[in-house]
Amino acid sequence: MSIWEYANPKKFMQTTEVILPWVAVLAVLCLVTGLVWGFFFTPDADRFGSTVKIIYLHVPAAMMATSAWAMMLVTSLIWLIRRHHVSALSAKAAAPVGLCFTVIGLVTGAIWGQPMWGTWWAWDPRLTAFLILALFYLGYIALWSAVDDPDTAADLTSVLCIVGSVFAFLSRYAVLFWNQGLHQGASLSLDKKENVSDVYWIPLLVCIAGFVLLFITLVFLRTRTEIRARRLAALLARERLA
Amino acid sequence: MTLLAVHNLSIARGTVPVLEGVSLSLAAGRAMVLRGPNGIGKTTLLRCIAGLQPALEGVIEAAPDAIAYAAHADGIKATLTVAENLEFWAAIFGTKGIDHALDAMNLRDLRDRRGANLSAGQKRRLGLARMLVAGRPVWAMDEPTVSLDAASVALFAAAVLGHLAQGGAALIATHIDLGLQAQVLDLTPYRAKAPQDGGRRGAFDEAFT
Amino acid sequence: MIALLLRDIRLAVRAGGGFGFGLAFFLLVTVMVPFGVGPEPATLAKIAPGILWVGALLSCLLSLDRIFALDFEDGSLDLLATAPIPLEGVVAIKALAHWLVTGLPLVLVSPVLGVLMNLPGPGYGWLVASLLAGTPALSVIGAFGAALTVGLKRGGLLLSLLVLPMYVPTLIFGAEVVKRGAMGLATGTPMALLAGITAGAVALLPFAAAAAIRVNLR
Chain A
24 MSIWEYANPK KFMQTTEVIL PWVAVLAVLC LVTGLVWGFF FTPDADRFGS
74 TVKIIYLHVP AAMMATSAWA MMLVTSLIWL IRRHHVSALS AKAAAPVGLC
124 FTVIGLVTGA IWGQPMWGTW WAWDPRLTAF LILALFYLGY IALWSAVDDP
174 DTAADLTSVL CIVGSVFAFL SRYAVLFWNQ GLHQGASLSL DKKENVSDVY
224 WIPLLVCIAG FVLLFITLVF LRTRTEIRAR RLAALLARER LA
Chain B
139 MTLLAVHNLS IARGTVPVLE GVSLSLAAGR AMVLRGPNGI GKTTLLRCIA
189 GLQPALEGVI EAAPDAIAYA AHADGIKATL TVAENLEFWA AIFGTKGIDH
239 ALDAMNLRDL RDRRGANLSA GQKRRLGLAR MLVAGRPVWA MDEPTVSLDA
289 ASVALFAAAV LGHLAQGGAA LIATHIDLGL QAQVLDLTPY RAKAPQDGGR
339 RGAFDEAFT
Chain C
461 MIALLLRDIR LAVRAGGGFG FGLAFFLLVT VMVPFGVGPE PATLAKIAPG
511 ILWVGALLSC LLSLDRIFAL DFEDGSLDLL ATAPIPLEGV VAIKALAHWL
561 VTGLPLVLVS PVLGVLMNLP GPGYGWLVAS LLAGTPALSV IGAFGAALTV
611 GLKRGGLLLS LLVLPMYVPT LIFGAEVVKR GAMGLATGTP MALLAGITAG
661 AVALLPFAAA AAIRVNLR
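Chains A, B and C are the protein sequences, given in the same order.
261 is the number that the working numbering gives to position 238 of the first sequence; each next residue is one higher, with no gaps.
259 is the number that the working numbering gives to position 121 of the second sequence; each next residue is one higher, with no gaps.
573 is the number that the working numbering gives to position 113 of the third sequence; each next residue is one higher, with no gaps.
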């Protein structure tokens, strides 16, 4: 049995109908466990005080922000190469979810930055890179909504996703270069991994799993909606033809 | 010699299939007229044959760079003169000399007039003159006689005859009788069947059968 | 190909908008800034590299939607797509024509605007050099954005939304070259990166843009 069978819209609908409730429940379980554990049952950190606890939202959201774009890149390539509609529609479905995660990452970053850096916003390379990523998400979503014909829109957004990935990647490193240029090495960025001991790490892992499952749930839901909308449009077009 | 052969072609406008099972073949020196009611898919068929959009199914056989396509829009730049417009297309298609085309479409007197100052019929004549400088054997033309007066239609028919005499071929979607010895292809029987009558439904829709 | 280049330049010159508006806009942006931030020479000198680069970038953006939209509307793009020259070549040539009528004039007038912005002496050479190396990338990236939006009504705003994020690396490295140059520091690294982006964009983006145009034409 080939994995491409699931690219058939009907098969996809049947499969996700069964999987979706389980994934959703698991996502809620992981998120509740991870967040409660992280917020109430971990000690305050030496350097950060209780502000460190925002990592349980900040880190998973930021990880998913980039992962969602990576997923869109893969599904866009699958659409361009194999012309599976579900693939293109799942990329369309993932974009607003990815944008939300990016915004969550930015907002929690700003909230964390206030006590730590004394400012809501610093042009820290990492924050800036996420801001640029948010702009790419916006452009991608705008292009989807601007083109009427669904296959044309899928083609154009896929090309944009590929080219955009290259430029988002370039921007990431350009930004690093740019801020070093200003601050001469006095970087504001915090390297999380060095500071995180197991006490924080395990609930964080649970939270990350929760965010991944939440992402899958939302993308499945939205893809199902897109498939239904597409099907509806096809039926209406047929009605007009008949 | 067959210049253009189309086998069992199915095409869609947007996502809706419009024509299916179209086959035709066009030999050197022959013209074919496409007929059919509005919306049947004449323009879509011509764009498909010109290579501007993919077919759902079927094969189009033609030598590479054999087809010159004339659409509703003539691609005339308002700020360039008639001669400049034509010279540009001659250069793009790699042919020399525009005088024969100017003469054939009676544009010699308008040579230095700007595109902006041409009437609709004059623009159309310029658009058709472009076919003459394209130097390609197969003409695929979409309603070429729109906004032409009777004299200009006669000019156009003469130009097509001249093209055929030189071993070219023409595929023309039109409702006017051009006085050509042309084969007529009525597209009505090829209208795509509704899905409930066994017609194709588009790749996406087919998954739900 | 050369015929296409000459035609595009001729069209831009005759239509007027080509050179004039972009340059006027560049001038206006630069003139507006001192009104906003105050006339102190030290402040202006400090922000001059960034302002000049942002101004050049925005002026470039203004005329992007004309690269393909006019040819799309009058049917020329259909005909060019069926012409014997490859569509990738058409894109590259049209981007080059855009650069010749917008980018190059911007490069040439930039030293004058540098004077208005009180750019420090050593910066002028680097300003011209960085714009010369960077503006071709702006034209090619813009041509890609224009190709994506060519079939759309009201594509102009969307075009800016798509293209501006992609201008970030070029802007960063370009402004960095001028900044370092004005301070008398070594500019080798950002200059090389800027040129690298331009080379990469010029080499690869015509293919993506041609693919987008083919999709938009069908």
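No residue lacks a Cβ here, since even glycine has one placed at the ideal position from N, Cα and C.
Shown here for Arg268 (chain B): same chain residues with a beta carbon closer than 6 Å to its own, the five before and five after excluded, namely Trp227 in chain order. Within the segment 272-321 of chain B, the complete alpha helix (DSSP H) segments at least 4 residues long are 288-303, listed from N- to C-terminus.
Proximity of chain C to Lys180 (chain B) at the Cβ level (cut-off 9 Å) is not reached, the minimal Cβ distance being about 16 Å. For Val126 (chain A), the closest alpha carbon among the candidates A:Leu43, A:Leu156, A:Ser181 and A:Asn31 is that of A:Leu156. Within 10 angstroms of the beta-carbon of His313 (chain B) lie fewer than 16 other beta-carbons, which makes it exposed.
The Cβ-Cβ distance between Leu530 (chain C) and Gly563 (chain C) does not fall below 8 Å. At least one CB of chain B lies nearer than 8 Å to the CB of Ala257 (chain A).
The shortest CA-to-CA distance from Asp174 (chain A) to any of C:Ala670, C:Gly634, C:Thr542 and C:Asn676 is the one to C:Asn676. Beyond the five residues adjoining it in sequence on each side, Leu504 (chain C) comes within less than 7 Å, by CB distance, of Pro494, Met577 and Asn578 in the same chain, given in chain order. With 16 or more neighbouring CB atoms inside 10 Å of its own CB, Ala472 (chain C) falls in the buried class.
Looking from the CA of Ala91 (chain A), the closest CA among A:Phe153, A:Trp143 and A:Phe200 belongs to A:Phe153.
Distance from the CA of Met643 (chain C) to the CA of Gly634 (chain C), rounded to the nearest whole angstrom, comes to 15 Å. Within the model, the alpha-carbon separation for Leu518 (chain C) versus Glu548 (chain C) is close to 25 Å.
If you compare the alpha carbons of C:Pro580, C:Tyr584 and C:His558 with that of Val569 (chain C), the shortest gap goes to C:Tyr584. When C:Ala475, C:Val561, C:Val567 and C:Gly656 are compared, the shortest CA-CA separation from Leu512 (chain C) is found for C:Val567. When 8 Å is used as the limit between beta carbons, Tyr207 (chain B) is near these residues of chain C: Asp538, Leu539 and Thr542, in chain order. Every unbroken stretch of the beta strand (DSSP E) spanning 3 or more residues and falling wholly within the segment 163-203 of chain B is given here in chain order: 169-173 and 195-200. Around Ala197 (chain A), the same chain offers no residue with a beta carbon nearer than 8 Å, after the five sequence neighbours per side are excluded. For Val600 (chain C), the secondary structure class from DSSP, reduced to helix, strand or coil, is helix. Within chain C, the residues placing a beta-carbon under 7 Å from that of Asp212 (chain B) are Gly535, ordered along the chain. For Gln260 (chain B), the CB contacts under 7 Å within the same chain, skipping 5 residues up- and downstream, are Leu248 in chain order. Residue pairing for Arg252 (chain B): DSSP places it in a beta bridge opposite B:Thr219.
DSSP places Glu249 (chain A) in the helix class (H, G or I) of the three-state scheme. Under the 8 Å criterion on CB atoms, Leu677 (chain C) is classed as interfacial with respect to chain B. When only Cα atoms are considered, Val160 (chain B) and Met139 (chain B) end up about 20 Å apart.
Counting along the chain, the unbroken alpha helix (DSSP H) around Ile527 (chain C) starts and ends at Arg526 to Glu533. Neighbourhood of Ala463 (chain C) in chain A, by CB distance below 8 Å: empty, with the nearest CB roughly 28 Å away. Pairing Ile601 (chain C) with Ile632 (chain C), the inter-Cα distance amounts to about 15 Å.
One finds Leu677 and Arg678 in chain C with Cβ atoms closer than 8 Å to the Cβ of Gln191 (chain B), taken in chain order. The C-beta separation of Leu318 (chain B) from Leu293 (chain B) comes to about 13 Å, leaving the pair out of contact by the 8 Å criterion. A direct Cα-to-Cα measurement between Leu52 (chain A) and Ser73 (chain A) gives close to 24 Å. The continuous stretches of beta strand (DSSP E) do not include Ser168 (chain A), which lies in the alpha helix (DSSP H) extending over residues Pro148 to Ala169.
Neighbours of Ile155 (chain A) across chain C, judged by C-beta separation under 8 Å: Pro625 and Val628.
Cβ-Cβ distances below 7 Å link Gly174 (chain B) to Lys180, Asp324, Leu325 and Thr326 in the same chain, with the five nearest sequence neighbours on each side left out; the list follows chain order. For the beta strand (DSSP E) assignment, the segment 548-591 of chain C encloses no uninterrupted run of at least 3 residues. At a cut-off of 8 Å, the C-beta of Thr217 (chain B) has a neighbouring C-beta in chain C.
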